[in-house]
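Going by this note's numbering, the letters in the sequence shown line up with residues 1270 to 1695, in that order. Note that CB positions come from ideal geometry on N, CA and C, so glycine has one too. Keep in mind that this is a model prediction, so the values were computed, not measured. Just below is one structure, and these are the notes that go with it.
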Amino acid sequence: MDEEAPIQIESLEEKQESKIKTRFKRLGEGFRTRLLKFTIVSLIGLGVNLGALALTELIIGSITSVLDKEYIFWIFEFTPKGLIAIACGIAAATISNYLLNKFWTFGEAKTEKIATQFLKYAIVGASGAVIKYLLTTALTKQFHKIIPNIDNAIIAASSIAFVVTVFWNYTWNELWTFDVVKKVEEPIIVPPDKDYNKVTVITPTFNENENIGLLMETLTDMYDFINIIVADDGSTDGTREQVRAFHKMNPNVVLLDREAAEIHGLTISVKEAILMTTTPYYIVIDCDFQHPPEKVGEIAVRLDDGYHYVIGERDEIPDWPFTRRLISWGAKVIGKFSHFLHRSATCTDVMSGFYGADTAYSKKIINEHPKGFRPKGYKIMFELLKHSKKKETRIGRVGYVFNPRVRGESKISKKHIFEFLKSAFP
C-alpha cells in the first residue's frame, strides 16, 4: 500500500511572508511600468499644492494680519498663516493625486472601500509632504551657504526633496495603498463554425469612400451571415452609393442614410443604428481599420458569455506622438472620474470606440435617458456606461492593437473634445 503524501498546511506566518514577497516583487515591476505615471501625477500635485498654498495665504492675508507673527522652532521659522496654507496645500494635492493615481496609475488595483483606500493614501501623502517640507527647509539652509541667491538655493533643495518624496510615496502606495493584481487572460477561442446571424456590426461613416468597400467585404468574408448597418451621416464622396450597391449582393448589409437628419454627429448616428438593430447583439467598429475586424469574432464570443458590454481595449498604440498620448491620457482620467461621480459602470479604456453590447440592454439605457446623450459627441460607449448602473452591469474586455488609419483622414476636431467635456460633466 502506497504511503500517503503528507498534507502541507501553510501557516499564517508563511502566508504573510509570501504576501510580502509578492508585493516587493510587484514593486520592481511597478518601477518599470507605473513610476513614470506616478511622477507625472506628482508634478501635477505639486502645481495644485503651490496653487492652493498661495491662494490660502492670499485669502488669510486679506482677512487678518494676526497670523503673520513669526515663530522659531529648532532650525525652522514659520508663521501660523504659513502652517495653515501648507495644510491646505497638502490637502488639495492629496485629493487630486489620489483620484489621478486611482483611475490612472493604479487603475488595475483591486476594488476597495474609498474611505479605507483614501485614508491609506492620505497617510502616505501626508508623511511624504512632511518629509518634503523638512528636507526642503533643512537643505535650503545648507545650500544657501554655498549658493548666495536664496531663490536658487530653494530650487536646488526643492528638487532633491521632490525626487526623494516621489520615491517614498510611490513605494508605500505600491506596497500598501493599492493592491495591483496582474490579470492573466485566457485566450478567446472562436469556434470555426460559429453563426453570426445574432450579431449586427454598426459602422458610422462620413466620406469613407476609400474604406467602406473593403470593410464590408472583409466582415462578410470573415463572418458568415453577419448583419451590417452603415450609419452614414450625409457623405458626398460616394460612400452611400457603395453601400447600396453592396446591399443588392448581400441584403444583410443595409444603409442608414442620415443625409436629411436635423442633427448630425457620430453619437446620434450610432444611437439611431442601435435602435433599428433587431439582433440580440451589436458591435460598433470604425470604418478606417484602426479597429481590427478580426477581433469582432472574439467580442461576439464574449457577448455569448452573458456580458452587457464587451469593450475593445487598446493594449498597444504604436506610432502615436507624445502630445496625442497626453490628450488621450487626460480624456481617460476625465472619463473615469465622470463615471466615478455618476457611480456608473466603467472600464479601463473608457475612450474606446470599439465595443459590443447586448442590444436590449442598450435600448433600455437609451430609452431611460432620452436626453442623456450628446448627439454631436463621438464617444457613445462612454455615455452608455455613464448611464449604466455599476452593480447590475457586466463588462468584459477584448484587448487589441490600435492600428494607424489605413486611408482617409480623421474627423476628430476640437468641437468633439468640447462635446466630450459637456458629456462628462453635464
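First and last residue of the uninterrupted alpha helix (DSSP H) at residue i
i, result
"R1571", "1565-1573"
"E1637", "1628-1637"
"P1473", "Unbroken run through P1473 is the beta strand (DSSP E), 1468-1474; no alpha helix (DSSP H)."
"G1665", "Segment 1664-1670 is the beta strand (DSSP E) holding G1665; no alpha helix (DSSP H) there."
"I1328", "1304-1332"
"G1646", "Neither: G1646 is in no alpha helix (DSSP H) and is coded neither H nor E."
"R1593", "1591-1611"
"F1515", "1508-1518"
Contacts around residue i, its chain only, beta-carbon distance under 6 Å, and the 5 residues preceding and following it disregarded
i, result
"G1566", "V1459"
"L1515", "With the sequence shown as reference, residue 1515 is identified as Phe, and Leu is not the correct amino acid for it. Taken in chain order, the residues that qualify are M1485, V1522."
"F1375", "F1447, V1449"
"H1533", "D1502"
"T1325", "A1354, C1357"
"M1518", "none"
"E1381", "none"
"Q1277", "Only weak support is given to the placement of Q1277: the predicted model assigns it a pLDDT of 47, under 50, and the value that follows is read from those uncertain coordinates. If we look at Q1277 and ignore the five residues flanking it on each side, it has no Cβ neighbours."
"L1535", "P1473, Y1647"
"T1546", "T1469, T1628"
"E1377", "V1449"
"A1425", "F1412"
Residue i CB to nearest heavy atom of the ligand ATP below 7 Å
i, result
"K1605", "Among the components modelled here there is no ligand, and therefore nothing to report on the ligand ATP."
Beta-ladder partner(s) of residue i, from DSSP
i, result
"N1480", "In the DSSP output, where bridge partners are listed per residue, N1480 has none listed."
"N1496", "T1469"
"L1524", "V1499"
"V1539", "According to DSSP, which records beta bridges pairwise, V1539 is partnered with nothing at all."
"Y1624", "V1553, I1580"
"K1658", "S1613"
Spatial neighbours of residue i in its chain, beta-carbon cut-off 7 Å, leaving aside the 5 residues before and after
i, result
"F1687", "none"
"D1462", "none"
"M1620", "S1597, A1600, K1601, G1604, K1648, F1651"
"T1308", "V1435"
"I1634", "L1653, H1656, S1657"
"G1581", "H1560, K1564, I1568, S1621, F1623, Y1624, V1667, Y1669"
"A1693", "I1603, G1604, S1607"
"D1584", "G1668, Y1669, V1670"
"H1672", "The amino acid at residue 1672 is misidentified as His; the sequence shows Asn. Excluding residues within five positions, the ones whose Cβ falls inside 7 Å are F1558, Q1559, P1561."
"T1487", "P1562"
"H1659", "For the sequence presented, residue 1659 should be read as Lys rather than His. Counting only Cβ-Cβ distances below 7 Å, and skipping sequence neighbours, we find R1612, S1613, A1614."
"K1398", "The residue you asked about is not Lys; residue 1398 is Ala in the sequence shown. I1359, listed in sequence order."
Sequence-distant residues of the same chain with beta carbon closer than 8 Å to residue i, five excluded per side
i, result
"A1274", "The predicted position of A1274 is uncertain, since its pLDDT is 48 and thus under 50; a value taken from the coordinates is nonetheless stated next. If we look at A1274 and ignore the five residues flanking it on each side, it has no Cβ neighbours."
"I1457", "E1567, V1570, R1571, V1667"
"A1391", "T1363, Y1367"
"H1413", "I1419, A1422"
"T1348", "L1336, D1337, K1338, E1339, Y1340"
"L1281", "Because the pLDDT of L1281 is 49, which lies under 50, any placement of that residue in the model is unreliable, and the question is left without a value."
"E1548", "Checking the sequence shown, residue 1548 turns out to be Thr, not Glu. So the qualifying residues of the chain are N1466, K1467, V1468, T1469, N1496, T1628."
"T1489", "I1495, I1497, N1519, N1521, V1522"
"S1365", "I1313, G1314, V1317"
Span of the beta strand (DSSP E) around residue i
i, result
"G1581", "1578-1585"
"I1532", "It is not in any beta strand (DSSP E) - I1532 carries neither H nor E in the DSSP assignment."
"V1553", "1550-1553"
Problem - Cβ pair count under 8 Å reaching 3, the segment 1540-1551 against the segment 1489-1502 - result: The answer is yes - the segment 1489-1502 touches the segment 1540-1551, with three or more Cβ pairs under 8 Å.
Exercise for the section: Mind the definition here: the segment 1590-1610 touches the segment 1625-1633 only if three or more C-beta pairs lie below 8 Å; say whether that holds. Expected result: Pairwise C-beta distances place the segment 1590-1610 out of contact with the segment 1625-1633, as fewer than three of them are shorter than 8 Å.
Problem - Contiguous alpha helix (DSSP H) assignments of at least 4 residues, all confined to the segment 1391-1458 - result: For the segment 1391-1458, whole alpha helix (DSSP H) runs of length 4 or above, ordered along the chain, are 1419-1441.
Practice task
Evaluate contact between the segment 1640-1648 and the segment 1548-1567, counting only Cβ atoms and requiring at least three cross-stretch pairs below 8 Å.
Solution key: Under the 8 Å Cβ criterion, the segment 1640-1648 does not count as touching the segment 1548-1567, having fewer than three qualifying pairs.
Handout entry: Ordered list of alpha helix (DSSP H) runs contained in the segment 1348-1387, each at least 4 residues
Key = The segment 1348-1387 contains these whole alpha helix (DSSP H) runs: 1349-1369.
Practice task
May I ask you to verify whether the segment 1423-1436 touches the segment 1393-1412, counting CB pairs closer than 8 Å and requiring at least 3?
Solution key: With a cut-off of 8 Å, the segment 1393-1412 and the segment 1423-1436 count as touching, because enough Cβ pairs lie within range.
Exercise for the section: Answer yes if the segment 1350-1368 comes into contact with the segment 1316-1325, meaning at least three C-beta pairs across the two stretches below 8 Å, and no otherwise. Expected result: Counting C-beta pairs closer than 8 Å gives three or more between the segment 1316-1325 and the segment 1350-1368, which meets the contact rule.
Exercise for the section: Pair every Cβ in the segment 1468-1477 with every Cβ in the segment 1435-1442, then say whether three or more of these pairs are closer than 8 Å. Expected result: When Cβ pairs closer than 8 Å are counted between the two stretches, the segment 1468-1477 is seen not to touch the segment 1435-1442, the count staying below three.
Handout entry: Three or more C-beta pairs below 8 Å linking the segment 1610-1619 and the segment 1654-1671
Key = Three or more beta-carbon pairs separated by less than 8 Å link the segment 1610-1619 to the segment 1654-1671, which places the two stretches in contact.
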